[in-house]
(Lines of atoms letter the chains of each structure in order from A and count residues from 1; the text may use other names and numbers.)
(Lines give C-alpha, C1' and ligand atoms only; values in the text may rest on other atoms or scores of the structure.)
Protein backbone atom coordinates (compact mmCIF):
# COMPACT_ATOMS: atom_id res chain seq x y z
CA UNK A 1 0.00 0.00 0.00
CA UNK A 2 2.90 2.35 0.68
CA UNK A 3 3.85 2.01 -2.97
CA UNK A 4 0.47 3.35 -4.05
CA UNK A 5 0.68 6.21 -1.57
CA UNK A 6 4.19 7.29 -2.55
CA UNK A 7 5.21 6.74 1.06
CA UNK A 8 8.59 5.46 2.13
CA UNK A 9 8.68 1.75 1.43
CA UNK A 10 10.48 -0.53 3.90
CA UNK A 11 13.68 -2.04 2.49
CA UNK A 12 12.39 -5.60 2.92
CA UNK A 13 9.36 -4.79 0.74
CA UNK A 14 11.62 -3.31 -1.95
CA UNK A 15 13.77 -6.47 -1.83
CA UNK A 16 10.64 -8.64 -2.06
CA UNK A 17 9.41 -6.83 -5.17
CA UNK A 18 12.88 -7.10 -6.71
CA UNK A 19 12.87 -10.84 -6.01
CA UNK A 20 9.40 -11.23 -7.52
CA UNK A 21 10.52 -9.28 -10.58
CA UNK A 22 13.58 -11.53 -10.96
CA UNK A 23 12.13 -14.91 -9.97
CA UNK A 24 8.35 -14.61 -10.20
CA UNK A 25 5.84 -15.70 -7.58
CA UNK A 26 2.84 -17.96 -7.23
CA UNK A 27 -0.21 -16.80 -5.27
CA UNK A 28 -3.58 -18.27 -4.32
CA UNK A 29 -6.64 -17.23 -6.30
CA UNK A 30 -7.80 -14.87 -3.53
CA UNK A 31 -4.67 -12.68 -4.00
CA UNK A 32 -6.16 -10.31 -6.57
CA UNK A 33 -9.18 -9.63 -4.35
CA UNK A 34 -6.95 -8.96 -1.36
CA UNK A 35 -4.62 -6.66 -3.28
CA UNK A 36 -7.50 -4.71 -4.80
CA UNK A 37 -9.06 -4.35 -1.35
CA UNK A 38 -5.83 -3.04 0.20
CA UNK A 39 -5.27 -0.58 -2.65
CA UNK A 40 -8.88 0.59 -2.47
CA UNK A 41 -8.59 1.67 1.18
CA UNK A 42 -6.61 4.87 0.45
CA UNK A 43 -9.10 5.72 -2.32
CA UNK A 44 -11.93 5.54 0.21
CA UNK A 45 -9.91 7.68 2.62
CA UNK A 46 -9.22 10.14 -0.21
CA UNK A 47 -5.46 9.71 0.12
CA UNK A 48 -5.14 8.69 -3.54
CA UNK A 49 -7.38 9.13 -6.55
CA UNK A 50 -8.95 6.42 -8.68
CA UNK A 51 -6.31 6.88 -11.39
CA UNK A 52 -3.53 6.12 -8.87
CA UNK A 53 -5.47 3.06 -7.71
CA UNK A 54 -5.75 1.81 -11.29
CA UNK A 55 -2.09 2.59 -11.96
CA UNK A 56 -1.10 0.57 -8.89
CA UNK A 57 -3.10 -2.41 -10.11
CA UNK A 58 -1.55 -2.07 -13.57
CA UNK A 59 1.94 -2.06 -12.03
CA UNK A 60 1.14 -5.24 -10.12
CA UNK A 61 -0.32 -6.84 -13.24
CA UNK A 62 3.08 -6.50 -14.92
CA UNK A 63 4.80 -8.55 -12.23
CA UNK A 64 5.50 -12.19 -13.11
CA UNK A 65 2.91 -13.55 -10.69
CA UNK A 66 1.16 -16.84 -11.41
CA UNK A 67 -2.26 -17.30 -9.85
CA UNK A 68 -2.83 -20.86 -8.65
CA UNK A 69 -6.23 -21.86 -9.96
CA UNK A 70 -6.71 -24.81 -7.65
CA UNK A 71 -6.19 -22.99 -4.35
CA UNK A 72 -9.89 -22.18 -3.87
CA UNK A 73 -10.74 -25.87 -4.32
CA UNK A 74 -8.64 -26.59 -1.23
CA UNK A 75 -10.23 -24.02 1.10
CA UNK A 76 -12.65 -26.40 2.78
CA UNK A 77 -10.17 -29.18 3.44
CA UNK A 78 -6.45 -28.33 3.55
CA UNK A 79 -7.05 -24.60 3.99
CA UNK A 80 -9.51 -24.98 6.85
CA UNK A 81 -7.33 -27.62 8.50
CA UNK A 82 -4.27 -25.35 8.41
CA UNK A 83 -6.37 -22.43 9.70
CA UNK A 84 -7.65 -24.49 12.64
CA UNK A 85 -4.24 -25.92 13.45
CA UNK A 86 -2.53 -22.54 13.60
CA UNK A 87 -5.34 -20.14 14.54
CA UNK A 88 -5.20 -18.40 11.15
CA UNK A 89 -7.93 -17.02 8.95
CA UNK A 90 -8.74 -19.26 6.01
CA UNK A 91 -7.52 -16.38 3.82
CA UNK A 92 -4.05 -16.50 5.39
CA UNK A 93 -4.10 -20.29 5.41
CA UNK A 94 -4.55 -20.21 1.61
CA UNK A 95 -1.06 -18.73 1.26
CA UNK A 96 0.44 -21.27 3.62
CA UNK A 97 -1.36 -24.19 1.96
CA UNK A 98 0.05 -23.10 -1.40
CA UNK A 99 3.58 -22.77 -0.02
CA UNK A 100 3.37 -26.24 1.54
CA UNK A 101 1.87 -27.87 -1.56
CA UNK A 102 4.32 -26.33 -4.04
CA UNK A 103 7.33 -26.36 -1.69
CA UNK A 104 7.76 -22.60 -2.09
CA UNK A 105 8.90 -19.97 0.39
CA UNK A 106 6.21 -17.75 1.87
CA UNK A 107 6.56 -13.96 1.71
CA UNK A 108 4.76 -12.29 4.60
CA UNK A 109 5.16 -9.59 7.20
CA UNK A 110 2.36 -11.12 9.28
CA UNK A 111 3.96 -12.48 12.44
CA UNK A 112 1.31 -15.13 13.11
CA UNK A 113 1.39 -16.42 9.53
CA UNK A 114 5.20 -16.49 9.58
CA UNK A 115 5.16 -18.47 12.82
CA UNK A 116 2.69 -20.98 11.35
CA UNK A 117 4.78 -21.31 8.20
CA UNK A 118 7.92 -22.03 10.19
CA UNK A 119 6.02 -24.62 12.24
CA UNK A 120 5.11 -26.31 8.94
CA UNK A 121 8.74 -26.23 7.76
CA UNK A 122 8.15 -23.48 5.19
CA UNK A 123 10.87 -20.89 4.51
CA UNK A 124 9.64 -17.39 5.35
CA UNK A 125 10.70 -14.28 3.47
CA UNK A 126 10.28 -11.01 5.31
CA UNK A 127 8.60 -12.15 8.51
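Numbering (our numbering), first residue to last: 683 to 809.
Where a beta carbon is used, it is the ideal one built from N, C-alpha and C, also for glycine.
Please read these numbers as outputs of a predicted model, since none were measured by experiment.
Asked, Found
"Determine the DSSP secondary structure at residue 731, reduced to helix, strand or coil.", "coil"
"Count the C-beta pairs between the region 724-740 and the region 759-778 that are closer than 8 Å, then say yes if the count reaches three, no if not.", "no"
"Considering residue 748, what are the terminal residues of the beta strand (DSSP E) in which it resides?", "747-750"
"At which residue ranges does the region 692-721 contain complete alpha helix (DSSP H) runs of 4 or more residues, listed in the order of the chain?", "693-705"
"With a cut-off of 8 Å, do at least 3 Cβ pairs link the region 743-754 to the region 762-773?", "no"
"Which class does residue 806 belong to by DSSP, given the choice of helix, strand or coil?", "strand"
"Applying the 10 Å Cβ sphere with the 16-neighbour rule, what's the burial state of residue 740?", "exposed"
"In whole angstroms, give me the CA-to-CA distance for residue 725 and residue 701.", "28 Å"
"Residue 698 and residue 789 look like a contact to me (Cβ under 8 Å); what is the Cβ gap, rounded to whole Å?", "5 Å"
"According to DSSP, is residue 797 helix, strand or coil?", "helix"
"What's the gap between the Cα of residue 784 and the Cα of residue 712?", "17 Å"
"For residue 767, report the span of its alpha helix (DSSP H) as first-last.", "762-768"
"Using a Cβ-Cβ cutoff of less than 6 Å, which residues in the same chain neighbour residue 707 once the five nearest sequence positions on both sides are dropped?", "747"
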